[in-house]
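In terms of my numbering, the sequence shown is residues 22 to 536. Note that the Cβ used here is the ideal one computed from N, Cα and C, for glycine as well. Report on the structure given below.
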Amino acid sequence: MSASLLHHSQDVELPLMDARRASTDAPPDSGDADRTSAAVTNTTRYRLYLSHLLSTWNMRVFEFGAVLYLAKAFPGTLLTMSIYAFVRGLSAIVSASAIGTYIDRNDRLHVVRTAIVGQRVSVAVSCVAFYILIHGDMKESKLLSVVLLVLVGALACVEKVCAIINTVAVEKDWVVVVGQSDPEGLKAINSQMRRIDLLCKLIGPMVIAILDGVSTELAILVNLTMNLLSVALEYFAIARVYHEDPRLQQPKNVSTARSTTSTPTPQGLLGHVHDAVAAFASDARLYCTHQAFLPSFACALLYLNVLTFGGQMVTYLLANSYTSTNVGIARTVSVVLEVASTWVAPRLMTAIGVTRAGIWSSWWQLSMLTTGVAVFTAFADRPLVSASALVCGTILSRMGLWSLDLCIQVIVQDDVEAESRGVFSSMESAFQNAFELLSYASTIVFFRPEQFKYPTMISLMMVFGSNFCYSIYVRRRRGHLFHPEKLCGCVKRDEFHPYVALPDGRSNSTSDNNV
Numbered sequence: 022m023s024a025s026l027l028h029h030s031q032d033v034e035l036p037l038m039d040a041r042r043a044s045t046d047a048p049p050d051s052g053d054a055d056r057t058s059a060a061v062t063n064t065t066r067y068r069l070y071l072s073h074l075l076s077t078w079n080m081r082v083f084e085f086g087a088v089l090y091l092a093k094a095f096p097g098t099l100l101t102m103s104i105y106a107f108v109r110g111l112s113a114i115v116s117a118s119a120i121g122t123y124i125d126r127n128d129r130l131h132v133v134r135t136a137i138v139g140q141r142v143s144v145a146v147s148c149v150a151f152y153i154l155i156h157g158d159m160k161e162s163k164l165l166s167v168v169l170l171v172l173v174g175a176l177a178c179v180e181k182v183c184a185i186i187n188t189v190a191v192e193k194d195w196v197v198v199v200g201q202s203d204p205e206g207l208k209a210i211n212s213q214m215r216r217i218d219l220l221c222k223l224i225g226p227m228v229i230a231i232l233d234g235v236s237t238e239l240a241i242l243v244n245l246t247m248n249l250l251s252v253a254l255e256y257f258a259i260a261r262v263y264h265e266d267p268r269l270q271q272p273k274n275v276s277t278a279r280s281t282t283s284t285p286t287p288q289g290l291l292g293h294v295h296d297a298v299a300a301f302a303s304d305a306r307l308y309c310t311h312q313a314f315l316p317s318f319a320c321a322l323l324y325l326n327v328l329t330f331g332g333q334m335v336t337y338l339l340a341n342s343y344t345s346t347n348v349g350i351a352r353t354v355s356v357v358l359e360v361a362s363t364w365v366a367p368r369l370m371t372a373i374g375v376t377r378a379g380i381w382s383s384w385w386q387l388s389m390l391t392t393g394v395a396v397f398t399a400f401a402d403r404p405l406v407s408a409s410a411l412v413c414g415t416i417l418s419r420m421g422l423w424s425l426d427l428c429i430q431v432i433v434q435d436d437v438e439a440e441s442r443g444v445f446s447s448m449e450s451a452f453q454n455a456f457e458l459l460s461y462a463s464t465i466v467f468f469r470p471e472q473f474k475y476p477t478m479i480s481l482m483m484v485f486g487s488n489f490c491y492s493i494y495v496r497r498r499r500g501h502l503f504h505p506e507k508l509c510g511c512v513k514r515d516e517f518h519p520y521v522a523l524p525d526g527r528s529n530s531t532s533d534n535n536v
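Here's what the structure looks like:
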């Protein structure tokens, strides 16, 4: 490949992306990263935020609340919760292809409204079932308890699928359409949506946990009430956004390549299974061969990670001299940095471009976790010190993690065609859920606190893998990872002639010129 490269007076990225990516990576002449232009009205944005806030809040509250309700109904065992979480996550993987097809082939408002109603109904019925499980005497009716457990498991699958439909449709399609004429506005919307996600992730579980501390029955009733009261507001807020922007009402030009088959398939159960497998394979092929695959897959790899202040790491910390108060403080500091990244990332993207902002963020995350794990390993005989090293490394890495997440989101939004957004994003979600299930499997296999070093090393390997995938993307995108002459100072700028690709009829871009 190097034989096909020539020296040139300016740095030009490899022409693997089309011209529409250039505007994303090139820093704008002016404007703040958090200021949207008149192209995206405040009213539209606020209604979009309101709908997303209600959807995310209810999802986070119920997601954590279900854990508390099951622990109350089935005390002394983790099996019930493990089965519930596994089935819920598995449903997202199995239904990925159907979700993508449904989003791409149906009217945008119809898709989101169906998802909203599906989420609210499934949560409402689940709350009733949980209340019966907890309030009634299930010891006298084991059959009823099993039936109710199966019911809440099935409803959890419905809620998960509808939540994915809502998230993919709004974050990966609606947001792109609303902000497509205003690149800086799109960055601001992405950042605000991520702030909403993170704040709901922090405050929602805290609120339901406090209520559960008073009474589990009270927590369920409040959960049910909030769920029912928000449905109308969420339903009509998203409808107003739809009717205010004519572009959302335009049908998508869905390719029929995925919807047609060259040979008929047999009818009946086997025929449906064959069709489902063929559709999944087709969608997976689209995802894996797409130009946005590498950054998307790099993000998915990060879901196989126990260094996240989730249940796995918290359990380890509590077994190594940490109190619940210590964990709460560490988690709060972590969330503060995560939220701060939603302001840092847009400014970094504006200053140096989306592609480079992503690689900087990835290296920051990797360096912080590598340092933390190195100290954790070196002081394995001193549990408090080793645990604290993991805590510090994890906290500092969160800034890089969420900055990278925002950069990848912008890349995917810009590179994925409108008619393929549903399929691409649903397959992306399937990979994320698959890796998340593997993270649970790692602590099922290595379940003792003294074995936590093994899931930790697996997590670090996944972060290395993520960095490697994104680095390949950057190398293909720009032709290099960094400017060596700027790092060593051995070559003067006016004497350096970077490599550029020979012209081959494809468009070139001049973005990402500087490091």
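Boundaries of the alpha helix (DSSP H) harbouring arginine 81: 63 to 94, taken from the DSSP string.
By the Cβ rule, the region 103 to 110 counts as touching the region 169 to 181, because three or more pairs are nearer than 8 Å. Glutamine 333 sits buried, since 16 or more C-beta atoms from the chains shown fall within 10 Å of its C-beta.
Take threonine 101, set aside five residues on each side of it, and the residues of its chain with a beta-carbon closer than 6 Å to its own are Leu91 and Phe95, in chain order.
Shown here, lysine 163 sits in a helix according to DSSP, grouped into three states.
Serine 441 counts as buried, since at least 16 other C-beta atoms from the protein chains shown sit within 10 angstroms of its C-beta.
Counting along the chain, alanine 408 sits inside the alpha helix (DSSP H) bounded by residues 404 to 436. By the criterion of at least three beta-carbon pairs nearer than 8 Å, the region 424 to 433 is in contact with the region 378 to 394. Arg129 is the residue among Arg129, Thr464 and Arg497 whose C-alpha sits nearest the C-alpha of tyrosine 256. Counting only unbroken stretches of 4 or more residues, the alpha helix (DSSP H) elements lying wholly within the region 246 to 279 are 267 to 270, in sequence order. The C-alpha of serine 382 is placed about 20 Å away from the C-alpha of isoleucine 210. For proline 470, the CB contacts under 6 Å within the same chain, skipping 5 residues up- and downstream, are Tyr337 and Ala340 in chain order. Between asparagine 248 and cysteine 148, the gap from beta carbon to beta carbon is short of 9 Å. Secondary structure note for aspartate 218: its alpha helix (DSSP H) is the uninterrupted segment 204 to 235. Between the region 217 to 235 and the region 80 to 87, the count of C-beta pairs closer than 8 Å reaches three or more; the two stretches touch.
Excluding the 5 residues flanking it on each side, cysteine 178 has same chain C-beta neighbours closer than 7 Å at Val108, Arg109 and Ser112, in chain order.
Counted as a single uninterrupted DSSP element, the alpha helix (DSSP H) harbouring tryptophan 381 occupies residues 375 to 399. Contact check for arginine 216 and valine 360: beta-carbon distance about 6 Å, within the 8 Å limit, so the pair qualifies. The shortest C-alpha to C-alpha distance from valine 196 to any of Ile259, Ala351 and Lys181 is the one to Ile259.
Apart from sequence neighbours up to five positions away, the residues of its chain that approach valine 412 with a beta-carbon distance below 6 Å are Ala351, ordered along the chain. The C-beta distance from phenylalanine 397 to threonine 344 rounds to 19 Å, too long to fall under 8 Å, and the pair is not in contact. Within the region 318 to 376, the complete alpha helix (DSSP H) runs of at least 4 residues fall at 332 to 339 and 345 to 373. Between cysteine 309 and the set Ile153, Ser143 and Ala451, the nearest pair of CA atoms involves Ala451.
Of the other Cβ atoms in all chains shown, 16 or more fall within 10 Å of the Cβ of serine 418; this residue is therefore buried. Alanine 150 sits in a helix when the DSSP states are folded into three classes.
Relative to valine 365, the option among Met420, Ser342 and Val327 whose CA is nearest is Met420. Judged by beta-carbon spacing, leucine 307 lies beyond the 9 Å limit of phenylalanine 467, meaning their Cβ atoms are not closer than that value. In this structure, the CA atom of methionine 482 is about 14 Å from the CA atom of tyrosine 491. Taking every protein chain shown into account, the CB of tyrosine 67 has fewer than 16 other CB atoms within 10 angstroms, so this residue is exposed. Ala184 is the residue among Ala184, Leu250 and Thr135 whose C-alpha sits nearest the C-alpha of aspartate 218. The residue from His264, Lys208, Leu422 and Thr329 with its alpha-carbon nearest to that of histidine 131 is His264. A residue is called buried when at least 16 other Cβ atoms come within 10 angstroms of its Cβ; valine 298 does not meet this threshold and is exposed. By the Cβ neighbour-count rule, alanine 395 is exposed, with fewer than 16 other Cβ atoms within 10 Å of its own.
The beta carbons of leucine 422 and leucine 323 sit about 7 Å from each other, so the pair counts as a contact at 8 Å.
By alpha-carbon distance to asparagine 187, the top candidate from Pro367, Ala439, Gln213 and Ser76 is Ser76.
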